[in-house]
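Worksheet: the structure to be examined is printed underneath.
Residue numbers (our numbering): 1 to 310.
Below, the structure is given as structure tokens:
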């Protein structure tokens, strides 16, 4: 769990972690430089659910935290993964949601069904359901609506929500072997998604809901956006084209190219280097393999490539 000035909803989030059913849970939080009461809340839970107290209470959940320098959400979560204690499975957690009691159990069971003798990276993610400030369900979309379940589609967009992610130790160790430049990756969840598929890992998508994703003004990344906000976001991209999406793909190749198949490297390099020449840009625009199953997303992708802002 990564925290930053999250005292308003943090206790509710932690209590939903403590209520997980059917397995042992070790909670590790990293504070990213909070100035509100977040540290007081973390300290209280650390005292109440330290390893010693857990043994005395015969409890199956422990809690610990540490304070790091301010890195932002992507850097904070990647640092957390490097500090994670030894376990079979790992999950990413925000500071302001509500996990349903079966969330981790369902995810772990799904991963176990796909595990074999070979140590293959496996990433599970699911469908969040939106809730308001008070935790009441909002009408409308559950959340994720554009799935990218193969490598070509995730080169365009990795639509996976970090707070739903659960993965095996093989993927954790794979991620921890490299330290990408944080200025070249979009978010931690997109990084995990891309890396897992790049090296031939397994992606599991669950359409059932096991988490209430809270929508409020302090969210780092919002789920439901009005048309006005969508247009504003794309206008900002047009005016300040940092090409972070193609930079992220290049970072995947730089970090894990020696573990990728020739086919995946070829596709990734085509995206990463499209701005190098007009010919490369046309080749990417005409590529029939790099696409999603959503026509509107493909049109936006090709437009971004044409304008040189992808």
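For each residue, glycine too, the CB sits at the ideal point set by N, CA and C.
- Under the three-state reduction of DSSP, residue 130 is assigned to strand.
- Taking 9 Å as the cut-off, the beta carbon of residue 33 is found closer than this to the beta carbon of residue 70.
- Per the coordinates, the alpha-carbon of residue 150 lies some 7 Å from the alpha-carbon of residue 197.
- With three or more CB-CB distances shorter than 8 Å, the region 3 to 16 counts as touching the region 97 to 107.
- Around the beta-carbon of residue 159, 16 or more other beta-carbon atoms lie within 10 Å, marking it buried.
- For residue 164 and residue 186, the gap between their C-alpha atoms comes out near 17 Å.
- Within its own chain, the residues whose Cβ lies closer than 7 Å to the Cβ of residue 298, once the five positions on either side in sequence are excluded, are 291 and 292, listed in chain order.
- Linking residue 181 to residue 270 through their CA atoms gives a straight-line distance of about 20 Å.
- Cβ atoms of residue 215 and residue 289 stay farther apart than 8 Å, at about 35 Å.
- Residue 168 and residue 88 have their C-alpha atoms roughly 6 Å apart.
- For residue 2, the secondary structure class from DSSP, reduced to helix, strand or coil, is strand.
- Residue 302 has its alpha-carbon roughly 43 Å from the corresponding atom of residue 66.
- Under the DSSP assignment, residue 203 falls in the beta strand (DSSP E) whose first and last residues are 202 to 214.
- Taking one beta carbon from each stretch, the region 27 to 43 and the region 101 to 120 have fewer than 3 pairs nearer than 8 Å; the two do not touch.
- Measuring C-alpha to C-alpha distances from residue 264 to each of 154, 40 and 127 identifies 154 as the nearest.
- Here residue 126 is buried. Its C-beta has 16 or more other C-beta atoms within 10 Å.
- The DSSP-derived three-state label of residue 246 is helix.
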